[in-house]
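Here's the structure, in structure tokens; my notes come after.
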Amino acid sequence: MSRPGSPGSQPGPERTLPAPATGGVPADVGTAFAVPASPEQALAELHAGNRRFVTGAPRHPNQDAGHRAAVADGQHPFAVIVGCSDSRLAAEIIFDRGLGDLFVVRTAGHTIGPEVLGSVEYAVTVLGTPLVVVLGHDSCGAVQAARTADATGTPPVGHLCAVVDAVVPSLRRAAAEGVDDIDGIVDIHIAHTVEAMLGRSAVLAAEVAAGRCGVVGMSYRLTAGEVRTVAEVPARTADAPEAAASAALA
Ligand SMILES: [Zn+2]
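Remember, my numbering sits 414 above the position in the sequence shown when you count from 1.
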């Protein structure tokens, strides 16, 4: 995956932010944080942070007063996280990042509507963010609620219907593939969300096709705290022009 430039922002290599001058827990003391400029760099940074979190050695980078001041005049988040609203899925914590690093959009079951898609498009095109991650998790209550409503034929009350309706296509796909366990269904729902996002957002699809952005689906394990890739649509590169279009989803 390559990243020739950032629409709406400064093109070129990694941007750097000044090292924090003061603060309570300055994890990156003495070093400037090089903001990942490519989908690969952004993904590597997320995995590195998740490893720190999983092993109980978080550094809490970019959470000090110095960095807060440094990013007050502008943001260059290196990843968009479209995650489930589950209270145990706080993106900055599980990826061990701080202020200005992640552009986070969360809904129950990471369901996507116009406001979600518009937020993703803003980050990718205006802020130049090179990676979009759909983040689900095991034992997802939204997926379970949809499964129960579908099995009993009893729709939930109020706007929760919209969440259930958005998950039902994933239930159908799971049934067609013979997947019956909740975590297997979650994986399918994450992959379906990646596909749906690209199918419904011509803007995002164009950014992927142009090689400026990649899209990844990840599943998080509540107990272990680790993320696992379940779907990936790499940015299209000049020497692999069909990469995005032909990417197989889990
Ligand atoms: Zn959930």
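Note that CB positions come from ideal geometry on N, CA and C, so glycine has one too.
How long is the line joining the alpha carbons of Ala-435 and His-481, rounded to whole angstroms?
Taking the sequence shown and counting its residues from 1, one reaches residue 435 at position 21. Taking the sequence shown and counting its residues from 1, one reaches residue 481 at position 67. Bear in mind that the predicted position of Ala-435 carries a pLDDT of just 39, short of 50, making it unreliable; the figure below should be weighed with that in mind. If I take the Cα positions, the gap works out to 8 Å.
Using alpha carbons as the reference points, say which of Val-468, Ala-462 and His-606 lies closest to Gly-639.
For the purposes of this step, residue 639 is identified with residue 225 of the sequence shown, where counting begins at 1. The candidate whose alpha carbon is nearest that of Gly-639 is Val-468.
Scan the stretch 537-619 and note each continuous beta strand (DSSP E) run of 3 residues or more that stays entirely inside, going in chain order.
Segments of the beta strand (DSSP E) lying fully in the stretch 537-619: 545-551.
Do you know whose CA, among Val-578, Phe-509, Leu-545 and Gly-512, lies nearest Val-647's CA?
Here residue 647 refers to the residue found at position 233 of the sequence shown. That would be Leu-545, whose Cα lies nearest to the Cα of Val-647.
Who's in the neighbourhood of ligand 1, going by beta-carbon under 6 Å from any heavy atom, listed in chain order?
My final list is Cys-498, Asp-500, Gly-523, His-551, Cys-554, Gly-555 and Ala-556.
Three-state secondary structure (DSSP) at Pro-472?
Mapped onto the sequence shown, residue 472 falls at position 58. Coil, per DSSP.
Using CA atoms only, rank isn't needed, just tell me which of Arg-650, Ala-448 and Leu-457 is closest to Leu-549.
By 1-based counting over the sequence shown, the position of residue 549 is 135. Of Arg-650, Ala-448 and Leu-457, the residue nearest in Cα terms is Leu-457.
Between Ala-645 and Ala-588, is the Cβ-Cβ spacing less than 8 Å?
Working through the sequence shown from its first residue, we reach residue 645 at position 231. Working through the sequence shown from its first residue, we reach residue 588 at position 174. Contact: no.
For Leu-503, I'd like the list of residues in its chain whose CB is within less than 7 Å of its CB, leaving aside the five on either flank, ordered along the chain.
Counting from one through the sequence shown, the residue named residue 503 turns up at place 89. So the list reads Gly-497, Leu-549, His-551 and Tyr-634, once near-sequence residues are dropped.
Taking buried to mean at least 16 other C-beta atoms within 10 Å of its own C-beta, is Thr-525 buried or exposed?
If you number the sequence shown from 1, residue 525 lands on position 111. That one is buried.
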